[in-house]
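Numbering (this note's numbering), first residue to last: 99 to 716.
Note that beta-carbon positions come from the ideal geometry of N, C-alpha and C, so glycine has one too.
Nothing here was measured: the structure is a model prediction, and the numbers come from that model.
This report concerns only the one structure given below.
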Amino acid sequence: MLENINTPEDLKRVAREDLPQVAQDLRDEIIRVCSLGGGHLASSLGAVEIIVALHYVLNSPRDRILFDVGHQAYAHKMLTGRRDLMPTIKKEGGLSGFTKVSESEHDAITVGHASTSLANALGMAYARDALGQDYRVAAVIGDGALTGGMALAALNTIGDSGKKMLIVLNDNEMSISENVGAMNKFMRTLQVQKWFQESESAGKKTVGALSKPLADMLSRAKDSARHFFDPASVNPFAAMGVRYVGPVDGHDVRELVYLMEKLVELDGPTILHVVTKKGKGLDYAEADPIKWHGPGKFDPATGDAPKSSAYSWSAAFGDAATELAKQDPRVFVITPAMREGSGLVKYSQVHPTRYLDVGIAEDVAVTAGAGMALQGLKPIVAIYSTFLQRGYDQVVHDVAIEDLPVIFAVDRGGVVGADGATHNGVFDLSFLRSIPNVSVALPRDARELRGMLKAAMKRGGPVAIRYPRGNTERVPEGTWPDMEWGTWERVRDGDDVVILAGGKALEYAESAARDLPGVGVVNARFVKPLDLAMLRDVAGKARAIVTVEDNTRVGGFGSAVLEALADLGVRTPVRVLGIPDEFQEHASVERVHARSGIDAQAIRTVLAELGVDVPIEV
Ligand code: HTL
Ligand code: MG
Numbered sequence: 099m100l101e102n103i104n105t106p107e108d109l110k111r112v113a114r115e116d117l118p119q120v121a122q123d124l125r126d127e128i129i130r131v132c133s134l135g136g137g138h139l140a141s142s143l144g145a146v147e148i149i150v151a152l153h154y155v156l157n158s159p160r161d162r163i164l165f166d167v168g169h170q171a172y173a174h175k176m177l178t179g180r181r182d183l184m185p186t187i188k189k190e191g192g193l194s195g196f197t198k199v200s201e202s203e204h205d206a207i208t209v210g211h212a213s214t215s216l217a218n219a220l221g222m223a224y225a226r227d228a229l230g231q232d233y234r235v236a237a238v239i240g241d242g243a244l245t246g247g248m249a250l251a252a253l254n255t256i257g258d259s260g261k262k263m264l265i266v267l268n269d270n271e272m273s274i275s276e277n278v279g280a281m282n283k284f285m286r287t288l289q290v291q292k293w294f295q296e297s298e299s300a301g302k303k304t305v306g307a308l309s310k311p312l313a314d315m316l317s318r319a320k321d322s323a324r325h326f327f328d329p330a331s332v333n334p335f336a337a338m339g340v341r342y343v344g345p346v347d348g349h350d351v352r353e354l355v356y357l358m359e360k361l362v363e364l365d366g367p368t369i370l371h372v373v374t375k376k377g378k379g380l381d382y383a384e385a386d387p388i389k390w391h392g393p394g395k396f397d398p399a400t401g402d403a404p405k406s407s408a409y410s411w412s413a414a415f416g417d418a419a420t421e422l423a424k425q426d427p428r429v430f431v432i433t434p435a436m437r438e439g440s441g442l443v444k445y446s447q448v449h450p451t452r453y454l455d456v457g458i459a460e461d462v463a464v465t466a467g468a469g470m471a472l473q474g475l476k477p478i479v480a481i482y483s484t485f486l487q488r489g490y491d492q493v494v495h496d497v498a499i500e501d502l503p504v505i506f507a508v509d510r511g512g513v514v515g516a517d518g519a520t521h522n523g524v525f526d527l528s529f530l531r532s533i534p535n536v537s538v539a540l541p542r543d544a545r546e547l548r549g550m551l552k553a554a555m556k557r558g559g560p561v562a563i564r565y566p567r568g569n570t571e572r573v574p575e576g577t578w579p580d581m582e583w584g585t586w587e588r589v590r591d592g593d594d595v596v597i598l599a600g601g602k603a604l605e606y607a608e609s610a611a612r613d614l615p616g617v618g619v620v621n622a623r624f625v626k627p628l629d630l631a632m633l634r635d636v637a638g639k640a641r642a643i644v645t646v647e648d649n650t651r652v653g654g655f656g657s658a659v660l661e662a663l664a665d666l667g668v669r670t671p672v673r674v675l676g677i678p679d680e681f682q683e684h685a686s687v688e689r690v691h692a693r694s695g696i697d698a699q700a701i702r703t704v705l706a707e708l709g710v711d712v713p714i715e716v
């Protein structure tokens with residue numbers, strides 16, 4: 099049926115009875131597209147009926163449909179003119195993996211981080227009313243995204259504001275891992291309401307039978323109190339002043355249409371709680387939604403995917419943390435909803451009492467670390483660079499002022515590639531090094547990572563150990579090399595031009611210098627503190643210095659070197675290579691590094707400009 103459905107208007111011409119077939123066709127296409135190049139499969143499969151119903155009832159783009167995180171919106175892209183482009187998703191020059199305002203007039207917000215939809219919807223509702231307009235605002239938010247402080251705080255204001263909007267709570271009991279938190283438990287109590295259980299067992303009949311009178315009641319209740327349907331004795335949504343309806347079957351598209359038609363007309367804010375299955379319609383994804391949250395390419399018939407024996411940086415961290423916690427009973431690891439991504443599955447099993455998933459609440463993760471450190475633990479906050487942006491004030495205010503011993507294992511530092519601008523971790527060196535007391539270390543491999551972790555434990559104070567997305571090599575258990583804090587290491591002799599680089603950028607530097615006599619390379623593995631003794635020595639002899647970093651050039655490692663040289667009164671010329679001051683759209687990591695001018699070839703070009711005799715590549 100999709101052949102003739104390229105816009106929401108086309109969809110509205112479909113008979114209601116045929117909407118389940120549209121949903122099925124969208125699902126087939128999502129599976130096909132994801133099998134070719136990977137994508138957010140399970141979440142997108144689960145949200146198909148919600149999206150069909152919203153586009154059937156609302157008039158996008160005039161009415162605004164907001165998707166939280168934006169990773170579940172593949173059906174939305176297909177229904178808004180982008181079906182043909184779906185195979186380009188997350189590829190260079192192709193569609194974004196999330197919704198993006200500059201990509202389509204139907205994408206109401208640009209997103210990738212969780213929990214922003216409700217505050218955006220609140221702002222839009224105020225804008226609508228302030229400008230005397232009358233469009234409708236609907237937000238789709240997952241149960242995982244609802245664990246974020248931003249979402250909960252927005253709800254607090256939404257309920258008080260009385261602003262008209264529809265919030266579709268897409269509850270699949272999953273974040274990337276199992277969802278956590280008290281709200282999650284509360285939602286389970288709603289799901290075991292008797293009538294819902296019956297509807298589950300007796301097919302969809304009971305939901306239809308029960309929700310029709312419910313919907314009639316709703317349409318009569320337009321102006322009445324918001325607390326009229328309250329299936330649990332205490333409903334936190336209702337308590338916040340948001341009308342609560344549900345839970346209903348989120349895969350019964352006709353039922354959803356029926357309800358939404360009524361609910362979007364109600365004054366004030368309304369939550370429609372829908373229960374969905376993550377991975378719906380694909381047996382292996384339903385059975386293991388964690389594995390199928392964001393797979394790479396796979397065989398759709400069997401679910402077979404290319405296996406990799408590579409050892410990720412995340413696994414290297416998780417293994418090291420698991421060992422450290424065996425040695426020291428004060429070690430405690432906190433994750434904001436990223437157990438799998440941060441390599442902590444094993445840790446969480448081996449040390450369940452010293453492991454905490456706070457949900458998608460990075461601010462809470464950081465400040466809970468502060469509380470633990472104040473009371474004698476040695477917390478490690480395992481966090482992606484991009485999501486640590488959510489905890490910046492907490493690092494400053496709760497951790498750094500008192501110089502507390504909180505270790506930040508900062509994963510996905512640098513360019514991440516396919517997830518694009520929302521997920522790149524290219525600001526952390528700049529925003530962390532500007533905070534007093536905070537050390538910033540860049541391991542070149544798993545050995546250094548372990549050395550830094552061990553040294554950080556001994557030293558105390560806030561430390562960020564930052565490593566990239568991707569793989570490193572395995573090291574034997576018990577590998578704990580000594581590491582002197584704040585020291586760099588010469589990894590290639592040469593005093594004419596010297597490249598200073600740490601972490602991922604060091605690989606590029608070594609590769610660039612491989613056959614160039616006179617070009618030295620330093621493993622600048624601490625961005626803060628800098629190894630001033632070595633810097634002075636290098637700068638005293640070299641004709642020029644090149645700094646390279648997988649981070650914005652603005653205020654990062656190169657800036658630190660320039661500041662230090664200025665303080666030392668040394669005038670050696672410095673070329674600063676880093677990510678330019680622009681948002682980097684999705685493409686492979688290698689491509690983004692190449693076009694940013696930090697890969698080996700770009701470094702060689704700069705060396706040639708500095709007068710180094712660089713052989714011409716053929
Ligand atoms: N922290 C923040 C602030 N934003 C994001 N996006 C993450 C972490 C990582 N993340 C996702 S998707 C996701 C997380 C934690 C789970 C969201 O669960 P929800 O949706 O219940 O809202 P579901 O997957 O359909 O169940 C991405 O980075 C894509
Ligand atoms: Mg969910």
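Exercise. To the nearest angstrom, report how far apart residue 166 and residue 659 are at their CA atoms.
Key: 40 Å
Exercise. Out of 210, 211, 212, 236, state which residue places its alpha-carbon closest to the alpha-carbon of residue 222.
Key: 236
Quiz item: Would the beta-carbon of residue 213 be found less than 8 Å away from any heavy atom of the ligand MG?
Solution: no
Quiz item: Which residues in the same chain as residue 668 place their Cβ atom closer than 6 Å to its Cβ, once the five residues preceding and following it in sequence are excluded?
Solution: 637
Self-check item: Any non-hydrogen atom of the ligand MG within 8 Å of residue 376 CB
Solution: yes
Quiz item: DSSP three-state call for residue 149: helix, strand or coil?
Solution: helix
Exercise. Select from 155, 133, 606 the residue whose C-alpha is nearest the C-alpha of residue 108.
Key: 155
Quiz item: Can you tell me the Cα-Cα spacing of residue 101 and residue 265, whole angstroms?
Solution: 30 Å
Practice problem: Would you grab the beta carbon distance between residue 415 and residue 480 for me? Rounded to a whole angstrom, and I think it's under 8 Å. | Solution: 7 Å
Quiz item: Sorted by chain position, which residues of the same chain lie with C-beta nearer than 7 Å to residue 114's C-beta, five sequence neighbours on each side aside?
Solution: 352, 355
Quiz prompt | Straight-line Cα distance separating residue 192 from residue 406 | solution = 26 Å
Quiz item: Just curious, the alpha helix (DSSP H) that residue 345 is in, first and last residue?
Solution: Not the alpha helix (DSSP H): residue 345 falls in the beta strand (DSSP E), residues 341-347.
Quiz item: Once you ignore the five residues that flank residue 398 on each side, which residues in its own chain have a CB closer than 7 Å to its CB?
Solution: 129, 130, 133
Quiz item: Where residue 506 and residue 676 are concerned, what is the direct C-alpha to C-alpha distance, given to the nearest angstrom?
Solution: 23 Å
Practice problem: Compute the beta-carbon to beta-carbon distance between residue 138 and residue 210, rounded to the nearest angstrom, for a pair I have assumed lies under 8 Å. | Solution: Actually they are not in contact, since the Cβ atoms of residue 138 and residue 210 sit about 11 Å apart, beyond 8 Å.
Quiz item: Are the beta-carbon atoms of residue 178 and residue 205 separated by less than 9 Å?
Solution: yes
Quiz item: Can you give the beta carbon distance from residue 679 to residue 651, rounded, assuming they're within the 8 Å contact cut?
Solution: 7 Å
Self-check item: Nonlocal neighbours in the same chain, by C-beta distance under 6 Å from residue 708, ignoring five residues either side
Solution: 595, 642
Self-check item: Inter-residue Cα distance where the pair is residue 473 and residue 467
Solution: 10 Å
Quiz prompt | Inter-residue Cα distance where the pair is residue 344 and residue 333 | solution = 11 Å
Quiz item: Under the criterion of a Cβ to heavy atom distance below 8 Å, does residue 271 qualify as lining the ligand FMN?
Solution: No copy of the ligand FMN occurs in the structure displayed; its ligands are the ligand HTL and the ligand MG alone.
Quiz item: Could you give the uninterrupted runs of the alpha helix (DSSP H) lying entirely in the stretch 462-549, keeping only those of 4 residues or more?
Solution: 483-486, 526-531
Quiz item: Within the chosen definition, does the stretch 613-626 reach the stretch 569-588 through at least 3 CB pairs nearer than 8 Å?
Solution: yes
Self-check item: Beta-ladder partner(s) of residue 677, from DSSP
Solution: 650
Quiz item: Taking C-beta to C-beta, are residue 522 and residue 646 nearer than 9 Å?
Solution: no
Quiz prompt | Where residue 395 sits in the DSSP three-state scheme | solution = coil
Quiz item: Just checking, does the stretch 136-151 make contact with the stretch 382-389 on the three C-beta pairs under 8 Å criterion?
Solution: yes
Exercise. Identify the continuous alpha helix (DSSP H) that holds residue 247 and give its terminal residues.
Key: 247-259
Quiz item: So what does DSSP say about residue 617, is it helix, strand or coil?
Solution: strand
Quiz item: Under a three-way DSSP split, which group does residue 194 fall into?
Solution: coil
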